[in-house]
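Colleague: A single structure is presented below for examination.
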């Protein structure tokens with residue numbers, strides 16, 4: 001086995017672990033729908049919504065990144 005084969009194996013392992021982690025994370029929900037926007041508290045129309053618009057979702061994500069909560 002040469003260096004290229006070992007590098008390919010390492011890349012495949014990292015890729016497989018990433019896919020497994022994505023599947024694990026997909027089953028977890030950090031926020032649950034509560035009938036109001038998680039950022040601005042505006043009432044929401046759809047029962048499964050978390051934010052009223054993309055702006056609130058982006059503001060929430062930015063705030064989490066700034067506070068070191070995002071992974």
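In UniProt numbering, the protein residues as written are 1 to 71. Virtual Cβ for every residue (Gly too), placed ideally from N, Cα, C. Computed from a predicted structure; not experimentally measured.
Could you pull out every residue in the same chain whose Cβ sits closer than 8 Å to the Cβ of residue 38, ignoring the five residues on either side in sequence?
Modeller: 31, 50, 51, 56 and 60
Colleague: Sort 66, 47, 65 and 40 by Cα distance to residue 54 and report the nearest one.
Modeller: 40
Colleague: Compute the Euclidean distance between the alpha carbons of residue 15 and residue 1, then round it to the nearest angstrom.
Modeller: 20 Å
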